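So the structure is just underneath, and the comments pick up after that.
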Amino acid sequence: MKARKGFNLQGPLILWSFSLALFSILGTVRTWGYMGALMHRGGLKHTVCFTDSTEHPIIKFWSCLFLLSKVIELGDTAFIILRKRPLIFVHWYHHSTVLVFTSFGYKNKVPSGGWFMTMNFGVHSIMYTYYTLKAARVKHPRLLPMLITSLQILQMVMGTVVGILTYIWRQEQGCRTTAEQFFWSFVLYSTYFILFAHFFRQTYIWPQVKTKTKSH
């Protein structure tokens, strides 16, 4: 089994990545539009504290699809295994824990989950577009993978900030959050930040350092 070559799944992978890219783009447009309007009317505190945002049809609909997409995205791992590509820790840890945390947020109608979902849609719209181009062997900007990882790191920073704000505002009337919600969001976003920052260093910075060292 180890000696067997990986499957050539170029066609299915193009379709898979394109479908997820299109879904993420639609999710980005709908959720960013709503969250931006909500923040304009009520400020950032309103978007991370109050439950009325979770009851809006746009958020309810896209939250449901977002949760389902986290199950579907486990298929990324299947493609990696079937094509005999390296399955790195950050990949399976991120996919599995995001599914659990998204399920928790959806069940408990966590208001700050609107931002977690919206940011994820935005990053994934670019990431899966890149995966589509890569699978189709279409030339793409050389720095695009680095940009995507940078956006993922920024997403983790913003997610941590949102979590801290909900904890600070939790004592105010109507701010619906708990110490448990803060704890898990802080732990997960912190570990995501560490893992993606490490991946960025190992993939984009360390190879350049080694190349420069060899050239001297």
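Residue numbers for the sequence shown follow our numbering, beginning at 99 and rising by one. All C-beta atoms, glycine included, are put in the ideal place defined by N, C-alpha and C. Computed from a predicted structure; not experimentally measured.
The three-state reading of DSSP puts Thr230 in helix, counting H, G and I together. Boundaries of the alpha helix (DSSP H) around Asn206: Phe187 to Asn206. A direct Cα-to-Cα measurement between Ser115 and Glu270 gives close to 43 Å. Looking at Thr195, Arg181 and Thr126, the one whose alpha-carbon comes closest to that of Phe187 is Thr195.
Within the same chain, and ignoring the five residues on either side of Ile112 in sequence, the residues whose Cβ sits closer than 8 Å to its Cβ are Thr230, Ala233 and Ala234. By the neighbour-count definition (other C-beta atoms within 10 Å, threshold 16), Phe294 is a buried residue. Taking every protein chain shown into account, the CB of Ser201 has fewer than 16 other CB atoms within 10 angstroms, so this residue is exposed. Sequence-distant Cβ neighbours of Leu163 in its own chain, meaning closer than 8 Å and more than five residues away, are Phe121 and Gly125. Taken through DSSP and simplified to helix, strand or coil, Lys158 comes out as helix.
Counting along the chain, no alpha helix (DSSP H) covers His238, and no H or E run does either.
When C-alpha distances from Leu242 are compared across Leu252, Met225, Val255 and Thr258, the shortest belongs to Met225. By a beta-carbon distance limit of 8 Å, Met215 contacts Thr129. Their separation comes to about 6 Å. For Ile178, the closest of Val259, Pro110, Ala135 and Gly212 by C-alpha to C-alpha distance is Pro110. Our two residues, His238 and Arg299, have alpha carbons roughly 22 Å apart in a direct line.
The beta carbons of Gly261 and Phe291 sit about 12 Å from each other, so the pair does not count as a contact at 8 Å. Under the three-state reduction of DSSP, Gln269 is assigned to coil, being neither helix nor strand.
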